[in-house]
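Here the numbering used here is used: the first residue of the sequence shown is 3, the next is one more, and so on.
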Amino acid sequence: MFDPSYTEEQAALVEGARKFAAEHIIPVAGEYDEKGEHPDKVFRAAWELGLMNVEVPDAYGGLGLSTLEGCLIAEEIAYGCAGMATSMVCNHLSMLPLMIAGTDAQKDKYLNWLTSEFVFASYCCSEPEAGSDVAGMRSRLTKDGDGWVLNGQKRWITNGAYASFYTGFATIDPELRHKGITAFVLPRDTPGITVGKKENKLGQRASNTVDVTFEDVRLTKDNILGEPGRGFAVAMETFDKSRPMIAAQCTASSVARWTSRLSTPTSARRLAFPSHSTRLSSS
Ligand SMILES: Cc1cc2nc3c(=O)[nH]c(=O)nc-3n(C[C@H](O)[C@H](O)[C@H](O)COP(=O)(O)OP(=O)(O)OC[C@H]3O[C@@H](n4cnc5c(N)ncnc54)[C@H](O)[C@@H]3O)c2cc1C
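Now the structure itself:
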C-alpha cells in the first residue's frame, strides 16, 4: 500500500526547498512576475544549493532523486512562484530525452554540463500547429550525406532564450505521423538556431517562453537521440516522467492562492463562501 509519510531525507528536502522559497523567492516573486523577467540571481542560488537538476543521476554529478522527490521540491518552489518553478524544473524536462535515448557519450557531455555549470537547457517539442498532437509536428529532418538538415519552428519553449542546449523532436516525413518523429540534442551555438518572439503571458511571467527557429541546421549522428523514426516513444516517456512535476506545481499554486486570499484584509471583509473559507483557515 502507498505510504504517504516522508522519509527523513524527504522531509529534509521539503524543509530546504520551503526555506529557499521563503528567503529567495517569495520576497521578489511579485516584482519579477510583474516585469516578466527571468530571475537569474534566484536561479543561480537554487543551482548552487542543489535545487535544480535534482534527478540527474549521481554518475553525472546530480543527486539522483526520484520523481516523487523532484515533485516534493517542485511543490515548495511553486508555492513561492509558479513561473520560477516552471523554469527551474525545465532542465529536468530537457534532460529526459537524453536519459531515455542518449548514448553514454551524449549523457556524459550534456548531463555533466548541467551539473558542472550553471546553465539552462530547453525542450523543443511544441509548434504553432502541434501541441498535444505531437505526431502532427512539421519540423523536418532531411537526410544529407551522413548527416541531417533540420528546418522548423518551435513555440512556447521554456527558458529558450537562456538555454545552452536544446533537446527536441522533428519528423523525417510528416506523412508517417508518429513513426517519423526523431529526437535530437543541439548546443545553442550550432549555426542556424534563432530565438524569436517572447510570449507576454497572463501567468508564470517570471518564466521565459519563446519561439525557437531552426533554419538549415546541420546535425551529425552525435546529435540524434536513439533511432531516427523512434522519437515519438521518447516524447511520450518524457511526458510520463515530467508531467507529475507540473501537477505538483498546480497543487502548490492552488494552495498559495487560497492562503494569500485568506491572509489579506480583503478576505476578512469579503468571504464569498464563508463556511468553506473558515474551514480552510482553521485547518
Ligand atoms: C507556460 C508554458 C510553458 C511551456 N513550455 C513548453 C516547453 O518548454 N516545451 C514545449 O515543447 N512546449 C511547451 N509548452 C507547450 C505545451 O506543452 C502545450 O501548450 C501543450 O502541449 C498543449 O498544446 P496546445 O497548447 O497546442 O493545446 P492543444 O493541443 O490545442 O489542446 C487544447 C485543448 O484541447 C484538448 N485536446 C487536444 N487534443 C485532444 C483530443 N484529441 N481529444 C480531446 N481533447 C483534446 C487538450 O487537452 C486541451 O485541453 C508550454 C506551454 C506553456 C503554457
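Each residue gets a CB set at the ideal place from its N, CA and C atoms; glycine is no exception. Quantities reported herein were computed from a predicted structural model and do not represent experimental measurements.
What's the call for residue i, buried or exposed, on a 16-neighbour Cβ count within 10 Å?
| i | result |
| --- | --- |
| L227 | buried |
| K43 | exposed |
| S68 | exposed |
| E33 | exposed |
| T173 | buried |
| A165 | buried |
| T9 | exposed |
| L178 | exposed |
Cβ-heavy atom distance between residue i and ligand 1 below 8 Å?
| i | result |
| --- | --- |
| W150 | no |
| Q206 | yes |
| R46 | no |
| T132 | The sequence shown places Ala at residue 132, rather than the Thr named in the question. Yes, Cβ of A132 sits closer than 8 Å to a heavy atom of ligand 1. |
| K21 | no |
| S166 | no |
| T196 | no |
| Y125 | yes |
| L95 | yes |
| R190 | no |
| C252 | no |
Look at the alpha carbon of residue i and the alpha carbon of residue j, and state the distance between them as a whole number of angstroms.
| i | j | result |
| --- | --- | --- |
| L116 | N93 | 8 Å |
| V121 | E17 | 25 Å |
| D218 | Y168 | 16 Å |
| S285 | S256 | In this predicted model, S285 has a pLDDT of only 41, less than 50, meaning its place in the structure is not dependable enough to derive any value. |
| D110 | A163 | 24 Å |
| E36 | K200 | 15 Å |
| V214 | C83 | 25 Å |
| F22 | V91 | 15 Å |
| I79 | W150 | 40 Å |
| R140 | R245 | 23 Å |
| R232 | G182 | 7 Å |
| D106 | Y112 | 10 Å |
| A132 | G72 | 28 Å |
| P6 | E129 | 38 Å |
| T253 | A19 | 16 Å |
| P47 | L53 | Checking the sequence shown, residue 47 turns out to be Ala, not Pro. In a straight line, the C-alpha of A47 is about 9 Å away from that of L53. |
| E50 | D175 | 43 Å |
| D148 | T211 | 34 Å |
| R207 | G38 | 5 Å |
| F186 | P193 | 15 Å |
| T222 | G205 | 38 Å |
| E229 | K243 | 20 Å |
| L74 | A237 | 23 Å |
| E2 | L70 | The structure shown has nothing for residue 2, since the chain only spans 3 to 285. |
| T160 | D60 | 25 Å |
For residue i, write down the residues that DSSP places opposite it in a beta bridge.
| i | result |
| --- | --- |
| A47 | Answer by DSSP bridge pairing: none, since A47 is not bridged. |
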